[in-house]
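Asks: With my numbering applied, the sequence shown closes on residue 891, and no number is skipped along the way.
The beta carbon of each residue, even a glycine, is placed where N, CA and C say it ideally should be.
Source: prediction; values computed, not measured.
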Amino acid sequence: MKKLLILLLILSTPPAASATSEFTTTFNSLYTISHTGDTHISHTIILKNNLAHLYATEYSLSVSGDSLTELLVSDETGLLTPNLEVSNGVTNIHLTISHPSIGKDQTKTLVIQYRSKDIVEIIGNTLTVNIPRLSQGNEAESYTRTVKVENLGTESTLIYPPPSQTETVPPYTIYTFSGSANQALTLLFGESVTYKLNLKYQLKNKELQSIDSELALPPDTAYQRILLHQLVPPPLGVRVDQDGNWLARYSLKPQEKLLIEAEIYATVYPQPTLPDPSDHLPFTTIHSAYWDTQSDIVQSLAQQLKTPLNIYTYLTNNFTYNFEKSASGVARIGATKALSSPSLVVCTEFTDTFVALTRVLNIPSREINGYAYTTNTALRPLNLETDVLHSWPEYFDSTMGTWIQLDPTWGNTTGGIDYFHKLDFSHITFVRHGLEPTYPLPAGVYKDSADQKYVQVEVATDVSPVVTRFELKGNQVVNTGNVSLVHEQVGYLPPYASQTLPSPRHLSLYDKIKSLCASLLSKFSRLLPASM
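1. Quickly, what does DSSP pair residue 504 with across the bridge? List them, please.
2. Look at the Cβ atom of residue 390, then the Cβ atom of residue 405, and state whether they are nearer than 8 Å.
3. Beta-carbon within less than 6 Å of residue 402's beta-carbon, same chain only, minus the 5 sequence neighbours each way: which residues are those?
4. Given a threshold of 16 other Cβ atoms within 10 Å of its Cβ, counted over all protein chains shown, does residue 828 qualify as buried or as exposed?
5. Assuming residue 488 and residue 552 make a contact with CB atoms under 8 Å, what is their CB distance in whole Å?
6. With 16 as the cutoff for other CB atoms within 10 Å, does residue 653 come out buried or exposed?
7. Under a three-way DSSP split, which group does residue 610 fall into?
8. In the DSSP assignment, the beta strand (DSSP E) including residue 435 goes from what residue to what residue?
9. I need the DSSP call for residue 408, collapsed to helix, strand or coil.
10. Tell me which residues share the same chain as residue 430 and place their Cβ nearer than 6 Å to its Cβ, disregarding the 5 neighbours each side in the sequence.
11. Work out the CA separation of residue 637 and residue 443 for me, nearest whole Å.
12. Cutting at 7 Å between CB atoms, please list the residues of its own chain near residue 462, excluding the five before and the five after it.
13. Assuming residue 726 is part of the beta strand (DSSP E), what are its boundary residues?
14. With contact counted as at least three CB pairs below 8 Å, one residue from each stretch, are the stretch 667-684 and the stretch 716-729 in contact?
15. For the beta strand (DSSP E) holding residue 752, just list the boundary residues, first then last.
16. Within 10 Å of its beta-carbon, does residue 445 have 16 or more other beta-carbons around it, so buried, or fewer, so exposed?
17. Over what stretch of residues does the alpha helix (DSSP H) that includes residue 711 continue unbroken?
18. From residue 629 to residue 787, what distance separates their C-alpha atoms?
19. Could you tell me how far apart the beta carbons of residue 783 and residue 543 are, in whole angstroms, since I believe they sit closer than 8 Å?
20. DSSP three-state label for residue 684, please.
21. Would residue 583 pass as a contact of residue 625 if the rule is Cβ separation under 8 Å?
22. Using a Cβ distance threshold of 8 Å, determine whether the stretch 569-582 contacts the stretch 809-824, with at least three qualifying pairs required.
23. Select from 609, 602 and 598 the residue whose C-alpha is nearest the C-alpha of residue 591.
24. Could you give the C-beta distance for residue 633 and residue 549, rounded to a whole number, given that I count them as a contact under 8 Å?
25. Identify which residue in 698, 697 and 704 has its Cα closest to the Cα of residue 683.
26. Is the stretch 519-536 close to the stretch 560-572, with three or more CB pairs under 8 Å?
27. Could you give the residue range of the beta strand (DSSP E) that holds residue 623?
28. Could you spell out the range, first to last residue, of the beta strand (DSSP E) harbouring residue 571?
29. Return yes when the Cβ of residue 606 is within less than 8 Å of the Cβ of residue 597, no when it is not.
30. Does DSSP classify residue 650 as helix, strand or coil?
31. I want to know whether the stretch 747-763 touches the stretch 720-729 - three or more CB-CB distances under 8 Å.
32. Which residue comes first and which comes last in the beta strand (DSSP E) that contains residue 586?
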């Protein structure tokens with residue numbers, strides 16, 4: 360009896376339960392990565408018959424990426440001709456085995472080789488390797504992945520999960536991963552990426568009297584540091600809300616329309632690296648229509664899942680990203696409706712559901728709106744033709760004492776790449792929503808028409824120099840530099856922000872200001888990231 364054997368790398372349907380007893384599969388994958396990101400991939404699959412009357416006559420392998428080149432498939436008898444099907448960034452390679460191995464304990468060896476540009480992403484001076492997991496229910500009895508990375512001139516920043524073996528054979532560093540078939544592999548090289556953001560904001564006053572209006576500038580977070588190179592016209596001031604957002608204030612005359620242009624440099628890290636200026640206590644129990652913590656389905660599921668990791672895993676495994684809804688821009692539906700209709704979700708529903716479930720457990724959490732820089736919009740969907748942004752959540756880890764960002768949407772669409780234990784070099788925060796689910800609005804929304812392109816992001820080649828400067832106006836210190844300042848007495852001051860100076864009474868005002876400013880600059884110089 361012949362047998363069709365299907366082993367899928369990602370997005371697959373598990374085979375019949377009996378298949379694991381009918382065949383023993385040994386799977387070895389070799390990824391050879393050049394410094395340019397070009398990747399040669401070789402899968403060697405050995406199928407051993409466990410029964411005399413069953414043998415494989417067909418084989419299918421699904422791999423991430425829709426632009427495979429130099430595809431070669433062979434067995435012991437020579438080259439085979441595969442049939443290919445491509446859909447949603449996934450290529451299915453289907454083989455007919457014309458010379459099967461018949462008899463118990465007989466083996467058939469298949470070798471599938473190709474080149475792909477979808478495994479590696481190079482942004483600035485960083486290189487990210489993402490290798491999807493072997494689908495659940497399709498694990499081989501023996502599974503080894505070997506990743507050979509050509510010398511990049513920089514050490515690896517993070518590898519998850521840790522390799523079972525590492526060795527150097529010039530010009531390559533070789534990482535071996537044994538087992539872990541259900542875990543995707545991520546290797547990050549480089550420390551950070553600096554982006555240049557050109558943002559436009561259209562403010563309008565429809566009233567018959569003057570008003571003050573605010574706009575949100577990208578803020579500092581634990582994952583990014585902001586350098587505000589230019590803001591034209593300058594604001595009256597900038598305040599920081601409890602979510603850490605930078606809110607620039609402008610005065611508008613009756614019926615006035617004002618266009619503000621910002622040139623900003625954002626340096627992004629894949630893990631929490633910097634001090635986060637925001638609070639965390641107010642976000643524990645706040646409930647809204649999108650974060651319906653009182654919903655029965657939300658409360659019941661939260662009590663079952665219990666931890667942020669379990670919630671992330673549930674969302675990546677049980678939600679299905681709706682590409683059609685993403686393209687049409689259908690309205691946000693919130694956590695309760697998302698759990699009832701898990702196939703009608705996009706990034707906002709992944710995020711809202713995570714926030715709602717964690718808040719039921721009294722874990723502070725909130726939504727992030729921002730820009731995700733990627734070269735693969737099929738696996739990591741993002742509408743870049745308009746200013747429709749990406750959404751992902753963060754939660755406060757009380758043990759680490761910091762906010763942890765994660766991306767269950769990309770964890771779902773990339774075939775299980777881990778976006779919980781680390782992020783990447785791609786996520787740029789524009790606003791954070793903790794107190795309110797919709798305010799402040801992110802850059803890209805302040806405009807007359809959805810067709811207008813008000814967000815431009817590129818990897819920075821030259822970065823504006825850091826300027827640490829302040830002015831003293833009476834008993835107030837004003838940050839007139841282009842980066843934030845931090846001091847235990849004044850607190851946290853982004854550019855254009857001001858604060859009243861608290862000082863000991865026995866000093867003159869001049870001495871108070873002089874002492875405080877000297878201390879402030881000393882403190883700031885120690886906090887400034889080396890990359891800036």
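Replies: Here's the rundown:
1. Translated into the one-based positions of the sequence shown, residue 504 becomes position 145. For residue 504, which the question treats as bridged, DSSP gives the partners 388 and 536.
2. Here the question's residue 390 lines up with position 31 in the sequence shown. Here the question's residue 405 lines up with position 46 in the sequence shown. Result no, Cβ atoms of residue 390 and residue 405 do not sit closer than 8 Å.
3. Position 43 of the sequence shown, counted from the start, is the residue given in the question as residue 402. Here the set comprises 388 and 471.
4. As a working note, residue 828 is residue 469 in the sequence shown. Per the 10 Å Cβ criterion, exposed.
5. Here residue 488 corresponds to residue number 129 of the sequence shown, with the count starting at 1. Here residue 552 corresponds to residue number 193 of the sequence shown, with the count starting at 1. Going by Cβ atoms, the distance from residue 488 to residue 552 rounds to 16 Å, so no, they are not a contact pair.
6. In the sequence shown, residue 653 corresponds to position 294, counting from 1. It is exposed - the Cβ of residue 653 has fewer than 16 other Cβ atoms within 10 Å.
7. Residue numbering aside, residue 610 sits at position 251 when the sequence shown is read from its first letter. Residue 610: strand per DSSP, three-state reduction.
8. If you number the sequence shown from 1, residue 435 lands on position 76. Element bounds for residue 435: n/a, residue is neither H nor E.
9. In the sequence shown, the residue the question calls residue 408 occupies position 49. Residue 408: strand per DSSP, three-state reduction.
10. The sequence position of residue 430 within the sequence shown is 71, counting from 1. Closer than 6 Å at Cβ, skipping near neighbours: 473.
11. Within the sequence shown, the letter at position 84 stands for residue 443. Within the sequence shown, the letter at position 278 stands for residue 637. If you take the alpha carbons of residue 443 and residue 637, they lie about 50 Å apart.
12. In the sequence shown, residue 462 corresponds to position 103, counting from 1. Result list for residue 462: 408 and 411, in chain order.
13. Counting from one through the sequence shown, the residue named residue 726 turns up at place 367. Residues 724-731.
14. yes
15. In the sequence shown, counting from the first residue as 1, residue 752 sits at position 393. Unbroken beta strand (DSSP E) run through residue 752: 749-756.
16. As a working mapping, residue 445 is identified with position 86 in the sequence shown. Exposed, since its Cβ has fewer than 16 Cβ neighbours within 10 Å.
17. Position 352 of the sequence shown, counting from 1, holds the residue named residue 711. Start and end: 706-719.
18. Counting from one through the sequence shown, the residue named residue 629 turns up at place 270. Counting from one through the sequence shown, the residue named residue 787 turns up at place 428. If I take the Cα positions, the gap works out to 11 Å.
19. Working through the sequence shown from its first residue, we reach residue 783 at position 424. Working through the sequence shown from its first residue, we reach residue 543 at position 184. With 8 Å as the limit, residue 783 and residue 543 do not qualify as a contact, their Cβ atoms being about 13 Å apart.
20. Position 325 of the sequence shown, counted from the start, is the residue given in the question as residue 684. Helix.
21. Working through the sequence shown from its first residue, we reach residue 583 at position 224. Working through the sequence shown from its first residue, we reach residue 625 at position 266. Contact flag set, yes.
22. no
23. Residue mapping note: residue 591 aligns to position 232 of the sequence shown, counting from 1. The shortest C-alpha separation from residue 591 is found at 609.
24. By 1-based counting over the sequence shown, the position of residue 633 is 274. By 1-based counting over the sequence shown, the position of residue 549 is 190. About 17 Å; that fails the 8 Å criterion.
25. As a position in the sequence shown, residue 683 is number 324, starting the count at 1. When each option's Cα is compared against that of residue 683, the closest is 704.
26. no
27. Start at 1 with the first residue of the sequence shown, and residue 623 comes out as number 264. Looking at the DSSP string, the run of the beta strand (DSSP E) that includes residue 623 is 616-627.
28. Translated into the one-based positions of the sequence shown, residue 571 becomes position 212. Its beta strand (DSSP E) spans residues 570-576.
29. The count along the sequence shown starts at 1 and reaches residue 597 at position 238. The count along the sequence shown starts at 1 and reaches residue 606 at position 247. Result yes, Cβ atoms of residue 597 and residue 606 sit closer than 8 Å.
30. Against the sequence shown, residue 650 aligns to sequence position 291. The answer is coil: DSSP assigns residue 650 none of H, G, I, E or B.
31. yes
32. As a working mapping, residue 586 is identified with position 227 in the sequence shown. 583-591 is the span of the beta strand (DSSP E), which, as asked, contains residue 586.
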